[in-house]
Amino acid sequence: MKFYVYLIYAKNNNNRLITYVGYTNNLEKRILLHNKSKGAKFTRGKKWKLIFKKEFTSKNEAMKYEYELKKDRIKRSKIKMNYFK
268 MKFYVYLIYA
278 KNNNNRLITY
288 VGYTNNLEKR
298 ILLHNKSKGA
308 KFTRGKKWKL
318 IFKKEFTSKN
328 EAMKYEYELK
338 KDRIKRSKIK
348 MNYFK
């Protein structure tokens with residue numbers, strides 16, 4: 268089974284970009300749930316777009332990378348900058 272770590276973005280009420288990192292084994296369904304306000308509490312009420320995904324062969328590897336990406340603001344900023352070039 269494949270697992271994915273993903274980075275999504277949306278604009279908040281002040282028109283600033285915000286990001287969210289998560290992991291899943293069904294990426295399309297997970298993004299759809301976020302956009303239907305059935306994802307994580309933080310993601311509710313916003314229109315999310317996928318800007319990064321990385322595939323893993325084990326849940327454990329995906330969870331480790333998700334944790335690393337959530338904590339590393341510099342890496343997240345680089346991903347955002349590459350996407351918006």
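For the record, in the sequence shown the residue sitting at position 78 is 345 according to our numbering, with numbers rising by one throughout.
A virtual CB, placed ideally from N, CA and C, is assigned to each residue, including glycine.
Can you check DSSP and say which residues form a bridge with residue i?
i	result
E322	Y271
Measuring straight from C-alpha to C-alpha, what distance separates residue i and residue j?
i	j	result
I372	M268	Given that the chain is displayed from residue 268 to residue 352, the structure contains no residue 372 and the question cannot be resolved.
H301	W315	7 Å
E295	G312	18 Å
R297	K345	23 Å
L284	K303	19 Å
K321	M330	12 Å
Quick one: using the 10 Å Cβ neighbour count with 16 as the cut-off for buried, is residue i buried or exposed?
i	result
L336	buried
Y350	exposed
F323	buried
L274	buried
Y271	buried
Considering only their Cβ atoms, is the gap separating residue j from residue i smaller than 8 Å?
i	j	result
G289	A307	yes
Y332	F309	no
Check whether chain D comes within 8 Å of residue i, counting only Cβ atoms and requiring the distance to be less than that.
i	result
Y290	The chain labelled as chain D is not found in the depicted structure, where only one protein chain is given.
Minimum length 4: unbroken alpha helix (DSSP H) runs contained in the stretch 276-319: 294-302
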